[in-house]
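Novice: Read left to right, the sequence shown gives residues 88 to 279 (the numbering used here).
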Amino acid sequence: ETKYQLLLSAAQRQLRAFSNFVSGQGGASILSNQTKCDSWGCYYNQRDASWGNKGIGLSSSSMAEYGCLVTSVAMVANHYGKSLTPGDIASSGNPFWGSTAYMNQGSWNVNGVTVTRTRIGSSTAKIDEELAAGRPVVVGIYGGPDHFLVIKAKEGSEYIMHDPFPENGASIKFSSKYPLSAISAVDRVTVN
């Protein structure tokens, strides 16, 4: 019961943080034609009409409002050659704790793809290590974390991200939207 209450509390805090971020951005209107694919993989937007109105897991939380982590994980899976969309992940209960939209750490399976998400720290040094090894990372920003996005590359001293919330958030400079001090979590995502 104690573990259940701790997880429920963590899930509620995470969803409040996501909701606060979305409110601060002016809301989560549905967008069209956001998916863009190149040699790196696909950029997905959590508000895309293809899945933005879809509930996450067994919850009633919508992808448009709460799907930044789901969308970020889908982008990394696609980078590794797996054809998982945000909608595929959201349609499964496996990645989420109970009937919430709280994505579990560790491994889960969707459509025959096993995804493992591991928190490896919160520093830019960890981001640099992962990028140097050819691995993009999912980064949480602000205290909640309030929002998740993909850091896909580093050009000079600048991180290049796929941000799943803003319209056309593909391959933009991290510093154009957020300060480096906002980084509060770095997650490694692997697939097989």
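A virtual CB, placed ideally from N, CA and C, is assigned to each residue, including glycine.
Between the beta-carbon of A177 and the beta-carbon of I143, is there less than 9 Å?
Specialist: Their beta carbons are under 9 Å apart, which means A177 touches I143 by this criterion.
Novice: Across the stretch 239 to 253 and the stretch 181 to 189, are there enough close Cβ pairs to call them in contact, namely three or more that are closer than 8 Å?
Specialist: Cβ pair count under 8 Å is below three, so no.
Novice: Measuring CA to CA, which of D125, T205, R100 and D175 is closest to S258?
Specialist: Measuring from the Cα of S258, the nearest candidate turns out to be D125.
Novice: Tell me, please, which residues DSSP counts as bridged to F183.
Specialist: M190, per the DSSP bridge assignment.
Novice: Rounded C-beta distance between V163 and V276? I'm assuming under 8 Å.
Specialist: The pair is a contact, with the Cβ atoms about 4 Å apart (cut-off 8 Å).
Novice: Just list the residues that DSSP pairs D233 with in beta bridges.
Specialist: DSSP, once it has assigned bridges, lists no residue as partnering D233.
Novice: Assign N279 to buried or exposed, taking buried as 16 or more other Cβ atoms, counted over all protein chains shown, within 10 Å of its Cβ.
Specialist: Result: exposed.
Novice: Does the Cβ of A136 have 16 or more other Cβ atoms within 10 Å, making it buried, or fewer, making it exposed?
Specialist: Result: exposed.
Novice: Grouping DSSP H, G and I as helix and E and B as strand, with all else coil, what is L171?
Specialist: Residue state, collapsed to three classes: coil.
Novice: So, with DSSP's three-state summary, where would you put N107?
Specialist: Helix.
Novice: Expressed to the nearest angstrom, what Euclidean distance is found between the alpha-carbon atoms of G231 and T89?
Specialist: Taking the straight line from one Cα to the other gives about 21 Å.
Novice: To the nearest angstrom, how far is the alpha carbon of L229 from that of D215?
Specialist: Correcting the residue identity first, residue 229 is Tyr in this sequence and not Leu. If you take the alpha carbons of Y229 and D215, they lie about 19 Å apart.
Novice: Of the choices G193, N191 and M150, whose alpha-carbon is the least far from that of D175?
Specialist: Nearest option by C-alpha distance: M150.
Novice: Candidates V202, E254 and E245: which alpha carbon is nearest S119's?
Specialist: When each option's Cα is compared against that of S119, the closest is E254.
Novice: Evaluate K213 with the Cβ neighbour count: other Cβ atoms within 10 Å of its Cβ, from every protein chain shown; 16 or more gives buried, anything less gives exposed.
Specialist: Buried, because 16 or more other Cβ atoms sit within 10 Å of the Cβ of K213.
Novice: Quick check: what's the CA-CA separation for P266 versus P182?
Specialist: Computed Cα separation, rounded: 30 Å.
Novice: For V160 and L93, what's the separation of their Cα atoms in angstroms?
Specialist: Cα-Cα distance, rounded: 24 Å.
Novice: Please state the DSSP three-state secondary structure of Y131.
Specialist: The answer is coil: DSSP assigns Y131 none of H, G, I, E or B.
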